[in-house]
């Protein structure tokens, strides 16, 4: 068994094409949540190209240290549970294979980060319960009057992922209800909505009928994956990540520039759901979020927000089987054939919970948990729920 997570390998498989979603359910296993942690090896002795790239990038340093601690904790607990001969050996073999995959990235920081995201997510996914944990705080099933606007809000959340939508104020990509608002038209600088350095992105939409505004946040996105992953990891353990500060600050700007009560709410998917919850607390407006990252109570307090309001303001739509929801709601790391489990440091997403049945295709594709978290899966689940109730969308 390798003594460290960095080992040389003569083989070099093709580069990874890992979904950026994978990092959402990890980093929370770490014993110490300090993002300034150093790499798990001595950078003065770094000899391979990937090692040198990791030492040169503090974000990769952070991912490496998280994986090192998580992997060692997992193997230690498995040894204590007596699972060495089968389960532990399989984990070790997969770790060695992963090292070869990561080394194939060379100096490509994005590829290296994807490799860490894949392995960290595998460690979490492989030991999740077979069924999602019971949802707490579930409200009554939504009727047609609620499903229709929920679907429009989900469309807005999906629209926030689009790059081209920020370049147009026609509103076409976001569905028939919404028009995209140019921030400059209401006296707000574009920097409040888009920050390449942190990965933060949001769009302001206007209801064509009422004229009121909706704030939609982009979730974890492949275009800014490393920064988004850092945000997810820091916020998950109660550290105030920059994107959460930016969500609050953007809400403050809207309060200054727009008439009182003209913002009807916030929305977002995944990381965007956590950001939307944050902004809603500042605006004292409803948040409708989809498979969201849970806002940590400690983060809310540090940002000067009243976390207790989130239970009243937020409505949470979650696809059954979504890995992020499962990680946040249930035991984070139960071990196979063992009574041991890692304590779960994550809060559940606050608010009224509305579970959605996954579309049938996810059962076929379910070997990859990504499919349960995709925004397209969420939209299809809402369409099926509405169709089953005879609700035209």
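Residue numbers (full-length UniProt numbering): 1 to 393. All C-beta atoms, glycine included, are put in the ideal place defined by N, C-alpha and C. For clarity, every value in this text was computed on a predicted model and none was experimentally measured.
Item                                                                                                                                                                 : Value
Roughly how many angstroms lie between the CA atoms of residue 96 and residue 89, to the nearest whole one?                                                          : 11 Å
May I ask you to report which of helix, strand or coil DSSP gives residue 417?                                                                                       : This structure cannot settle anything about residue 417, because the visible part of the chain is limited to 1 through 393.
Rounded to a whole number of angstroms, what is the C-alpha to C-alpha distance between residue 219 and residue 47?                                                  : 36 Å
Report yes or no: do the stretch 286–305 and the stretch 259–266 share at least 3 C-beta pairs separated by less than 8 Å?                                           : yes
Pick from 292, 347, 296: whose alpha carbon is nearest that of residue 157?                                                                                          : 292
Which stretch, first to last residue, makes up the beta strand (DSSP E) that contains residue 354?                                                                   : 352–356
How is residue 213 classed by DSSP in three states: helix, strand or coil?                                                                                           : strand
Are the beta-carbon atoms of residue 250 and residue 192 separated by less than 8 Å?                                                                                 : yes
Are the stretch 323–330 and the stretch 298–310 in contact at 8 Å, needing three or more beta carbon pairs?                                                          : no
State the CB to CB distance for the pair residue 74 and residue 49, rounded to an integer number of angstroms; the pair is presumed to be in contact (CB under 8 Å). : That pair is no contact at about 27 Å.
How would you label residue 246, buried or exposed, when you count the other beta carbons within 10 angstroms and need 16 or more for buried?                        : buried
Which of helix, strand or coil does DSSP assign to residue 317?                                                                                                      : strand
I need the DSSP call for residue 296, collapsed to helix, strand or coil.                                                                                            : coil
Could you give the distance in angstroms between the alpha-carbon of residue 243 and the alpha-carbon of residue 299?                                                : 12 Å
Can the beta-carbon of residue 278 be found less than 8 Å from the beta-carbon of residue 295?                                                                       : yes
Among 375, 374, 311, which residue has its Cα nearest to the Cα of residue 348?                                                                                      : 311
Note the first and the last residue of the continuous beta strand (DSSP E) segment covering residue 384.                                                             : Note, residue 384: premise wrong, no beta strand (DSSP E); alpha helix (DSSP H) at 375–388.
Do residue 53 and residue 112 have their C-beta atoms closer together than 8 Å?                                                                                      : yes
Compare the C-alpha of residue 65 against each of 93, 110, 120, 100 and name the closest.                                                                            : 120
Alpha carbon to alpha carbon, what distance is there between residue 270 and residue 228?                                                                            : With a pLDDT of 48 at residue 228, under the threshold of 50, the predicted position of this residue should be treated as unreliable, though the coordinate-derived value follows. C-alpha separation (whole angstroms): 11 Å.
Helix, strand or coil: how does DSSP classify residue 186 here?                                                                                                      : helix
What is the C-beta distance between residue 356 and residue 319, in whole angstroms, given that I count them as a contact (C-beta under 8 Å)?                        : 5 Å
DSSP puts residue 204 in a beta bridge; with which residues?                                                                                                         : 181, 215
Could you give the distance in angstroms between the alpha-carbon of residue 31 and the alpha-carbon of residue 68?                                                  : Low per-residue confidence applies at residue 31: pLDDT is 31, beneath 50, and the placement is therefore not dependable enough to give any value.
I need the boundaries of the beta strand (DSSP E) containing residue 266, first residue and last residue.                                                            : 263–269
Which residues bound the beta strand (DSSP E) around residue 156?                                                                                                    : Premise fails: residue 156 lies in the alpha helix (DSSP H), 144–159, not in any beta strand (DSSP E).
Nearest CA to the CA of residue 206: which residue from 390, 258, 378, 194?                                                                                          : 258
Please return the same chain residues whose Cβ sits closer than 8 Å to the Cβ of residue 106, not counting the five positions on each side in sequence.              : 49, 50, 53
Note the first and the last residue of the continuous alpha helix (DSSP H) segment covering residue 251.                                                             : 242–257
If the criterion is Cβ atoms closer than 8 Å, does the pair residue 381 and residue 359 meet it?                                                                     : yes
Identify every residue that forms a DSSP beta bridge with residue 93.                                                                                                : Residue 93 is not bridged to any residue.
Pull the bridge partners of residue 326 from the DSSP assignment, please.                                                                                            : DSSP lists no partner for residue 326.
Less than 8 Å between the C-beta atoms of residue 378 and residue 148, yes or no?                                                                                    : no
According to DSSP, is residue 284 helix, strand or coil?                                                                                                             : coil
Taking 8 Å as the limit between beta carbons, can you name the residues of its chain near residue 190, skipping five residues before and five after?                 : 183, 184
Round the Cβ separation of residue 282 and residue 252 to the nearest angstrom and send it over; I've been treating them as touching at under 8 Å.                   : 6 Å
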